[in-house]
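**Student:** Pasting a structure below so you can have a look.
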Amino acid sequence: MRVLVTGGSGFIGSHTVVSLLEAGHDPVVVDNLSNASRSVLTRIGEIAGRQPEFHEADIRDRDTMGSIAASGFDACIHFAALKAVAESVEEPMLYYDNNVGGTIALLEVLVASDITTFVFSSSATVYGDPNKLPVTEDMPTGVATNPYGWTKIMMEQILRDVQGANPDWSVSLLRYFNPVGAHPSGLIGEEPRGTPNNLMPYVAKVAAGELARLSVFGGDYPTSDGTGVRDYIHVVDLAEGHVAALNTHVGDAGVHTYNLGTGKGSSVLEVLHSYENACGKSIPYEVVERRAGDVAANWADVTRAESVLGWKTTRDLADMCADSWRWQQRTR
Ligand code: NAD
Ligand code: WQD
């Protein structure tokens, strides 16, 4: 399949492009490089043996996107978005414009070009503070605690409505839990700008000696050791989930919603100790106040993805930490 991949040079997009190439598909990457570098394309080529076609473009630029789409595609996987939660609180209009406005512009181009299979990067954040664990796809979406989360809830609703108005469309809503790790080659991974906001990239920089210690946000949650629990998923497993969703649902009219996680929760201290094993050092930390907007625990019921997509994760927390650490050492 020839697949238009927006945001395909970013963290999850680049790993998915590798998985698409390895599965024999023909991904075409569109990225405005606002949070990625061009060299990612070369490194994808080193891993997969060939480089994808690349266009430096913004998804809000309807004219350019229209001329790219005119070359013909079987499907679109849409990763392009801004994703920094705290920045979204400071700059809400930037987030609504880029994420929601960008998605609407892209959908207009796809409708006009008759590209009818769409795979969307959604997030576990759409569940808000879940009242039951593990979360299943039929639970109602919740109340977001920040503009970034609202953009995901809004974009899911826009996609359900666009599918309703275009009943031949196949829309897959993939709700990622906490993607971490890197490609085992050490050639591609996450490149946060400035100080990382997310747990594993922060731990990686403490392990590397670039940051002094981890602040553990809250030690009094109702969890096994008092720290927050999340469902961490290796980015290569997540990438393979996209290929499974694409293969299963190309041309399959309807809205298909999946949790992509491991189905297993890990606490902040479990992640920290697993990372210590991976890097062979002790990682300094202190327990501080809870972070505003955090939930105590969140992990996925992945029964639907396993049974319908025939996909399940094969990499555990030790793999995630080992691959993150290899990537961290290469980027120093
Ligand atoms: P990323 O920032 O590494 O990748 C996003 C890519 O999109 C970047 O390469 C960026 O340059 C590009 N981009 C942004 N706005 C664009 C625009 N207007 N036009 C063209 N390109 C644009 O982020 P990621 O972690 O790979 O996330 C990919 C998707 O997955 C996003 O939609 C994100 O919201 C979603 N998601 C991420 C996580 C996570 O924890 N990383 C969790 C759930 C969902
Ligand atoms: C994980 C755990 C923290 C940093 C966020 C977004 C979400 C999604 C993924 C895209 C929590 C704790 C963290 C630190 C800590 N993105 N922590 N010290 O909050 O589950 O999800 O990223 O859709 O929308 O909200 O991930 O990695 O930030 O935190 O103790 O320095 O680690 O409290 O328990 P989160 P995270």
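For the numbering used here, count along the sequence shown from 1 and bump the result up by 635.
Glycine included, C-beta positions come from ideal geometry on N, C-alpha and C.
Under 6 Å Cβ to Cβ from D693, same chain only, skipping five residues before and after it: list those, please.
**Tutor:** Cβ neighbours of D693 beyond the five flanking positions: N667.
**Student:** What does the Cβ neighbour count give for T651, buried or exposed, with the cut at 16 atoms within 10 Å?
**Tutor:** So T651 counts as buried.
**Student:** Taking one C-beta from the stretch 863-875 and one from the stretch 785-800 each time, how about it: are there three or more such pairs within less than 8 Å?
**Tutor:** Cβ pair count under 8 Å is below three, so no.
**Student:** Examine the ligand NAD and report whether any of its heavy atoms sits within less than 6 Å of the Cβ of S672.
**Tutor:** Checking the Cβ of S672 against the ligand NAD gives no.
**Student:** Starting from the Cα of S901, find the closest Cα among D732, Y910 and A721 and give me that residue.
**Tutor:** Checking every option, the nearest Cα to that of S901 belongs to Y910.
**Student:** Measuring alpha carbon to alpha carbon, tell me which residue in P782, R848 and T771 is nearest A935.
**Tutor:** Closest by alpha carbon: T771.
**Student:** Between the C-alpha atoms of P995 and D709, what's the straight-line distance to the nearest angstrom?
**Tutor:** Missing from the structure shown is residue 995; the chain here goes from 636 to 967 and no further.
**Student:** Going by other Cβ atoms of all chains shown within 10 Å of its Cβ, with 16 needed for buried, is L729 buried or exposed?
**Tutor:** Burial call: exposed.
**Student:** For V806, which residues in the same chain have their Cβ closer than 6 Å to its Cβ, ignoring the five residues on either side in sequence?
**Tutor:** Here the set comprises F753, L794, Q798 and V890.
**Student:** Does the Cβ of T641 have 16 or more other Cβ atoms within 10 Å, making it buried, or fewer, making it exposed?
**Tutor:** Buried, because 16 or more other Cβ atoms sit within 10 Å of the Cβ of T641.
**Student:** When burial is assigned at 16 or more other CB atoms within 10 Å of the CB, is G844 buried or exposed?
**Tutor:** Burial call: exposed.
**Student:** Go through the stretch 812-872 residue by residue and report every complete run of the beta strand (DSSP E) that reaches 3 residues or more, in order.
**Tutor:** Qualifying beta strand (DSSP E) stretches, in chain order: 813-815, 849-852 and 867-869.
**Student:** Taking only runs that begin and end inside the stretch 876-941, name each unbroken alpha helix (DSSP H) of 4 or more residues, in chain order.
**Tutor:** Those alpha helix (DSSP H) runs which fall completely within the stretch 876-941 and span 4+ residues are 903-914.
**Student:** Going by alpha carbons, who is nearest to A719 out of W946, L809, M774 and W785?
**Tutor:** It is W785.
**Student:** Specify the secondary structure class of R950 as computed by DSSP and reduced to three states.
**Tutor:** DSSP places R950 in coil when its eight states are reduced to three.
**Student:** Following a CB-centred definition, is L846 positioned closer than 6 Å to any heavy atom of the ligand WQD?
**Tutor:** Checking every heavy atom of the ligand WQD against the Cβ of L846, none is found closer than 6 Å.
**Student:** Taking Q995 as the reference, which of H713, E657 and R695 has the closest Cα?
**Tutor:** Nothing about residue 995 can be read from this structure; the chain reaches only from 636 to 967.
**Student:** Looking only at its chain, what residues have a beta carbon closer than 7 Å to the beta carbon of G707, apart from the 5 residues adjacent to it on each side?
**Tutor:** Only R637 meet the Cβ criterion.
**Student:** How about the stretch 806-815 and the stretch 750-768: do they share at least three Cβ pairs that are nearer than 8 Å?
**Tutor:** With a cut-off of 8 Å, the stretch 750-768 and the stretch 806-815 count as touching, because enough Cβ pairs lie within range.
**Student:** If I follow the unbroken beta strand (DSSP E) through V746, where does it start and stop?
**Tutor:** Taken as a continuous stretch (DSSP letters only), V746 belongs to no beta strand (DSSP E), being part of the alpha helix (DSSP H) at G737 to S748.
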